[in-house]
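Report on the structure given below.
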Amino acid sequence: MKLPLMALLLIVQASCEIAPPDPEARQADAGYDEGLSDVPPPFEPEVDEPPAPEEPTPISAIEGMKPIDLSVLNTGEPVAGGEFNKFFPEQNAPYDIVFKQEKEGFALVSLQQDGEEIAQLSITDLRSNALAAEKFKSAMAHLDGYPLTNSGSKGTVLLVGNRYQVQVRSANDSLDENQRKEWLKKFNLQGLEKLDS
Numbered sequence: 002m003k004l005p006l007m008a009l010l011l012i013v014q015a016s017c018e019i020a021p022p023d024p025e026a027r028q029a030d031a032g033y034d035e036g037l038s039d040v041p042p043p044f045e046p047e048v049d050e051p052p053a054p055e056e057p058t059p060i061s062a063i064e065g066m067k068p069i070d071l072s073v074l075n076t077g078e079p080v081a082g083g084e085f086n087k088f089f090p091e092q093n094a095p096y097d098i099v100f101k102q103e104k105e106g107f108a109l110v111s112l113q114q115d116g117e118e119i120a121q122l123s124i125t126d127l128r129s130n131a132l133a134a135e136k137f138k139s140a141m142a143h144l145d146g147y148p149l150t151n152s153g154s155k156g157t158v159l160l161v162g163n164r165y166q167v168q169v170r171s172a173n174d175s176l177d178e179n180q181r182k183e184w185l186k187k188f189n190l191q192g193l194e195k196l197d198s
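Printed below as a string of structure tokens:
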């Protein structure tokens, strides 16, 4: 039986139509996507924290150094400068010790050779200048137990009895650091430590 051409075209068109999407299937697909969020993240191994940096060696722990306690600078008055004269190095040829200045809490001596100044020696009661004592907190060396540090490129200083600064300062380049240390040893440091204690 022959079908009319129009009827044949309708049959072909109906067979080519795509069924509408199934809502339940779409929900199932959506549920699958949502389920992916429940999958745990990839395993990541724990990383140990790096060790904390070591603390710098406390000043009191440096072997042989007397502990520093600057609280003594907070009370009392500086001693008279003339009290320091007996603690300076003694006259010893070919060097001359020439006393230059005395004032409250301070005395200054000129170290001379053949009439020429090669260094200045001084003692300061740091009660008159407590701020100057702060540099000794970072001292990493000592001389006979007394905290030792440098003051610029030409000065070497000691802290005696947590209170007195003893300094040798070169004139020009007349004394190197080791020579300045040798002159510091010539002071009566133990006697100075007991002064007004």
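Per the numbering used here, residue 2 is the first one in the sequence shown, and the count goes up by one each step.
Beta carbons: idealized from backbone N, C-alpha and C, even for Gly.
All of these numbers come straight from a predicted model, not from anything done at the bench.
Asked, Found
"For L190, the residue or residues it bridges with in DSSP", "Its beta-bridge partners do not exist; DSSP assigns none."
"Pairwise C-alpha distance: D115 and S139", "37 Å"
"Buried or exposed (CB count within 10 angstroms, at least 16 for buried), N163", "buried"
"Sequence-distant residues of its chain with Cβ nearer than 6 Å to K186 (five each side left out)", "none"
"Length of the line joining the Cα atoms of A133 and N179", "23 Å"
"Beta carbon of K104 nearer than 8 Å to that of G82", "yes"
"Beta-bridge pairing of V99 - partner residues as DSSP gives them", "S111"
"Where A120 sits in the DSSP three-state scheme", "strand"
"DSSP beta-bridge partners of V161", "Y165"
"Alpha-carbon to alpha-carbon, S123 and P90", "11 Å"
"Collapsed DSSP secondary structure at S129 in the structure displayed", "helix"
"Spatial neighbours of W184 in its chain, beta-carbon cut-off 8 Å, leaving aside the 5 residues before and after", "P90, L112, A120, L122, V169, L176"
"Local Cβ density within 10 Å of D174, reported as buried at 16 or more and exposed below that", "exposed"
"Where S72 falls: helix, strand or coil (DSSP)", "helix"
"Contact belief for E194 with V161 at Cβ below 8 Å, rounded distance in angstroms", "5 Å"
"CA nearest to the CA of A142, picked from E118, K182, G153", "K182"
"Environment of P57 [buried if 16+ CB atoms lie within 10 Å]", "Confidence at P57 is low in this model, with a pLDDT of 47, below 50, so the placement of that residue should be treated as unreliable; the coordinate-derived value is given next. Result: exposed."
"Per DSSP, the bridge partner or partners of R170", "Q121, G156"
"Own chain residues within Cβ distance below 6 Å of K136, not counting five before or after", "T150"
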